[in-house]
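Numbering (this note's numbering), first residue to last: 729 to 1412.
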């Protein structure tokens, strides 16, 4: 795939996309999360790029939504779908599902949506989805206690590129290797020539290190899993709650994650915990041990009666002896007990093993002194031993855990992708069930031709507009079918605009490849949708000219278009409007377009048109308590009566009823019935 050929992708963006592991897969599948990991690309832009790639894949010219109102309907139905997502990813991913005139794209999404609507879900699944997010990159990982060493400059460059987490050093011989070993806890020698060389320190000859980076820098895979631990765990819970077939062994992944802390260190190992605590608490434990010894010795001195004869005191003074000599002579046993207590405390406080305890005990000398003080050189050596043991243990555990997790990295990515895609599917399923949707049927190309006996533009049975701000059960189902062009008449507030919205919503959703809110829908595959909403007031000359030009372009090239227009007569004077609309309908009919024009001038337009234009009517049954009672499904080939006609008819009927006061008939001279009858005659 030529990335720069994708609409909206320039050279800089193409380079960013090329840095992805599988850019073509991500683009073709609309994987917004993966695309958004490319440098400088947000999720919103990722959705636009994915949409452009999909259009390119299906040779889709775009522009299906040809007017502002058509685009508004799309945004509204898309918002209804997005409102039923749990994750931000799913909301962005739905942006890649757009209305298209291309059969291949429609069928591709239909296959996806048909599986989606069969998904079962419950609150547990939705709750688990709440914790799933696209995986994050671990960021820069730097390991300072290890390094790579080589004698070859070319190998040096390869090592820096392959394992940037470690420092790479150039050495000339074994002596240089030994010097590195004094500064690093572990040195990995990359050259075979160092095999058999013995130097002090942890030096490992690993010619294959660049091919197996996880073995020398296990922090690399561990950083990925540590940074995404909660997201991966949430994806596991989604699979378990939804009964999805996982891309990896969930138990093994959970086990690995349970052994990993958020900072990338290994968790749950008692020995590593012991060594870590020992290193951290060594100074405090040594100080506490000193206090134990000195407290013990002070107490012994307080309780001891020491008598020194003059000759003995003179002898000690002549020899320059101090308190240490007095302790050695008079309190030898008590001093030994105090030191032993200090040693025991240090060993017990940081839980040292036998070898470590031997070093720790040498931190307090047998030679009497007061106050008792630790030997810092011995404590430093103990710290070095504990730290080295800790790093060896941590390194081995990291390598073992990295070996367990490294091979699961791509499967873990797929696990999260599947969980996020489930949210997309469930949004479609929830929308479909809440609006009682069905998959539409696209008629064969020859059946959509206007000269075909079975021609059909669209046929909706039991449709309910999702754009109405009403509960589904409160919306009357609508049946409506149109082939060619038609005028839609009806009373004010009878539902003409809602019918256009229903048609537009059904057509948009059908061309997105999604289920539609109706019991059954058959329609042709349209090239574009032109939906013109009702204008507010008469347009000025310039705006009127622009509107006419727009219809001129449509009328000369509108074959395959669906045109929905709401009360176009409002753009100018009623008499001129009827003539203009008649002319537009003639052109659209000649070009084989499908069109529905809502108008209160349906009768006048029919008279002006030079062909038998169909007039459908949303008929009002009557007025009940001042409210219209309407049959919401348009009646074919029927000019619906207007609201004023219904009101006049109601007044005429009421005037002709018996007078309540005397129970008699109204007199022949009563002017009201005559007046109302005369008005009614004007509607014939």
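Glycine included, C-beta positions come from ideal geometry on N, C-alpha and C.
Cβ contact check for the region 1088-1100 and the region 1130-1143: 3 or more pairs under 8 angstroms: In the pairwise beta carbon analysis, the region 1088-1100 is classified as not touching the region 1130-1143: fewer than three pairs are separated by under 8 angstroms.
Determine whether the beta carbon atoms of residue 1170 and residue 1277 lie at a separation below 9 angstroms. Taking the first residue of the chain shown as 1, we reach residue 1170 at position 442. Taking the first residue of the chain shown as 1, we reach residue 1277 at position 549. In this structure, the beta-carbon distance from residue 1170 to residue 1277 does not fall below 9 angstroms.
Please confirm whether residue 1071 and residue 1088 have their CB atoms less than 9 angstroms apart.
-> In the chain shown, the residue the question calls residue 1071 occupies position 343. In the chain shown, the residue the question calls residue 1088 occupies position 360. The answer is yes: Cβ separation under 9 angstroms.
Identity of the residues DSSP links to residue 1191 by a beta bridge
Stepping through the chain shown from its first residue, residue 1191 is reached at position 463. For residue 1191, which the question treats as bridged, DSSP gives the partners 1206.
Please state the DSSP three-state secondary structure of residue 924.
As a first step, residue 924 is located in the chain shown; it is residue number 196 there, counting from the start. Reduced to three states, the DSSP call for residue 924 is coil.
- Query: residue 1202: which of 1210, 1192, 900, 1311 sits nearest, CA to CA?
  - Reply: For the purposes of this step, residue 1202 is taken as the residue at position 474 of the chain shown. Of the listed residues, the one whose Cα sits closest to residue 1202 is 1192.
Compare the C-alpha of residue 771 against each of 1166, 818, 899, 1262 and name the closest.
Stepping through the chain shown from its first residue, residue 771 is reached at position 43. Relative to residue 771, the option among 1166, 818, 899, 1262 whose CA is nearest is 818.
What is the C-beta distance between residue 1021 and residue 1067, in whole angstroms, given that I count them as a contact (C-beta under 8 angstroms)?
Counting from 1 along the chain shown, the entry for residue 1021 is found at position 293. Counting from 1 along the chain shown, the entry for residue 1067 is found at position 339. Confirmed, about 6 angstroms.
For residue 1312 and residue 1283, which I take to be in contact (beta-carbon distance under 8 angstroms), what is that distance rounded to the nearest angstrom? Counting from one through the chain shown, the residue named residue 1312 turns up at place 584. Counting from one through the chain shown, the residue named residue 1283 turns up at place 555. Indeed, because the Cβ distance is near 6 angstroms, the residues count as touching under 8 angstroms.
Review point. By a C-beta neighbour count over all protein chains shown, 10 Å radius and 16 as the cutoff for buried, is residue 858 buried or exposed?
Key: Looking up residue 858 in the chain shown gives position 130. With fewer than 16 other Cβ atoms within 10 Å, it is exposed.
Open item on the list: Strictly by DSSP, which residues pair up with residue 1215?
Closed with: Locating residue 1215 in the chain shown gives position 487, counting from the first residue. As DSSP reads the structure, residue 1215 sits in a beta bridge with 1325, 1343.
* Closest to residue 982 by CA distance: which of 1237, 965, 1246 is it? -> Numbered from 1 along the chain shown, position 254 holds the residue referred to as residue 982. The residue among 1237, 965, 1246 with its C-alpha nearest the C-alpha of residue 982 is 965.
What does a CB cutoff of less than 6 angstroms around residue 1247 pick up in its chain, not counting 5 residues either side in sequence?
The residue you call residue 1247 lines up with position 519 of the chain shown. Same-chain partners within the cutoff: 1189, 1190.
| field | Helix, strand or coil at residue 1368 according to DSSP, with G and I counted as helix | value | Working through the chain shown from its first residue, we reach residue 1368 at position 640. In the structure shown, residue 1368 falls within a coil segment according to DSSP collapsed to helix, strand and coil.
Own chain partners of residue 1259 with C-beta closer than 6 angstroms, once the 5 adjacent residues on each side are dropped = Residue 1259 sits at position 531 when you count from the first residue of the chain shown. Apart from the 5 residues on each side of it in sequence, residue 1259 sits with its Cβ closer than 6 angstroms to the Cβ of 795, 797, 798, 1232, 1292 in its chain, given in chain order.
* Asked: Who are the near neighbours of residue 776 in its chain, counting only those whose CB is closer than 7 angstroms to its CB and skipping five residues on each side?
  -> Counting from 1 along the chain shown, the entry for residue 776 is found at position 48. Result list for residue 776: 736, in chain order.
Just checking: is the beta-carbon of residue 768 within a distance shorter than 9 angstroms of some beta-carbon in chain C?
Reference to chain C is not applicable here, since this structure consists of a single protein chain.
Q: State buried or exposed for residue 1404, treating a residue as buried only when at least 16 other CB atoms are found within 10 Å of its CB.
A: Here the question's residue 1404 lines up with position 676 in the chain shown. Burial call: buried.
- In three-state DSSP terms, what is residue 1414? Only positions 729 to 1412 of the chain appear in this structure, which leaves residue 1414 out of reach.
Considering only DSSP beta bridges, list what residue 878 is partnered with. Sequence index remark: in the chain shown, residue 878 carries index 150 (1-based). Answer by DSSP bridge pairing, in chain order: 898.
Handout entry: Buried or exposed by the 16-neighbour rule on C-beta atoms within 10 Å, applied to residue 926
Key = Here residue 926 refers to the residue found at position 198 of the chain shown. Residue 926 comes out exposed.
Next item on the list: Name the one or two DSSP bridge partners that residue 828 has.
Entry: Reading the chain shown from its first residue, position 100 is the one you call residue 828. According to DSSP, residue 828 shares a beta bridge with no other residue.
* Asked: How long is the line joining the alpha carbons of residue 1069 and residue 1010, rounded to whole angstroms?
  -> Sequence index remark: in the chain shown, residue 1069 carries index 341 (1-based). Sequence index remark: in the chain shown, residue 1010 carries index 282 (1-based). The C-alpha of residue 1010 is placed about 16 angstroms away from the C-alpha of residue 1069.
- Query: Can you give the beta carbon distance from residue 1333 to residue 1310, rounded, assuming they're within the 8 angstroms contact cut?
  - Reply: Reading the chain shown from its first residue, position 605 is the one you call residue 1333. Reading the chain shown from its first residue, position 582 is the one you call residue 1310. That belief holds up - the Cβ atoms of residue 1333 and residue 1310 are roughly 5 angstroms apart, short of 8 angstroms.
Could you compute how far the alpha carbon of residue 1183 sits from the alpha carbon of residue 835? Here residue 1183 is taken as the residue at index 455 of the chain shown, counted from 1. Here residue 835 is taken as the residue at index 107 of the chain shown, counted from 1. Taking C-alpha positions only, residue 1183 is separated from residue 835 by approximately 22 angstroms.
Are the CB atoms of residue 767 and residue 781 within a distance shorter than 9 angstroms?
Here residue 781 is taken as the residue at index 53 of the chain shown, counted from 1. Here residue 767 is taken as the residue at index 39 of the chain shown, counted from 1. No.
Out of 921, 865, 1018, 891, point me to the one whose CA is closest to residue 952's CA.
The count along the chain shown starts at 1 and reaches residue 952 at position 224. Residue 865 is the option with its Cα nearest to residue 952.
Once the 5 residues before and after residue 764 are set aside, which same chain residues still bring their CB inside 6 angstroms of it? Residue 764 sits at position 36 when you count from the first residue of the chain shown. Counting only Cβ-Cβ distances below 6 angstroms, and skipping sequence neighbours, we find 771, 774.
#### Entry: Cβ neighbour criterion (16 or more within 10 Å) applied to residue 740
In the chain shown, the residue the question calls residue 740 occupies position 12. Residue 740 should be labelled exposed.
From this set, 754, 891, 1084, 1367, which residue's C-alpha is nearest residue 778's C-alpha? If you number the chain shown from 1, residue 778 lands on position 50. Considering only alpha carbons, the answer is 754.
Residues bridged to residue 932 [DSSP beta-bridge criterion]: Along the chain shown, read from residue 1 onward, the residue named residue 932 stands at position 204. Per the DSSP secondary-structure output, residue 932 pairs in a beta bridge with 916.
- Message: Using CA atoms only, rank isn't needed, just tell me which of 870, 882, 986, 1014 is closest to residue 948.
- Response: Counting from one through the chain shown, the residue named residue 948 turns up at place 220. The closest CA to that of residue 948, considering only 870, 882, 986, 1014, is found on 870.
Practice task
For the alpha helix (DSSP H) holding residue 1076, just list the boundary residues, first then last.
Solution key: The count along the chain shown starts at 1 and reaches residue 1076 at position 348. Residues 1060-1077.
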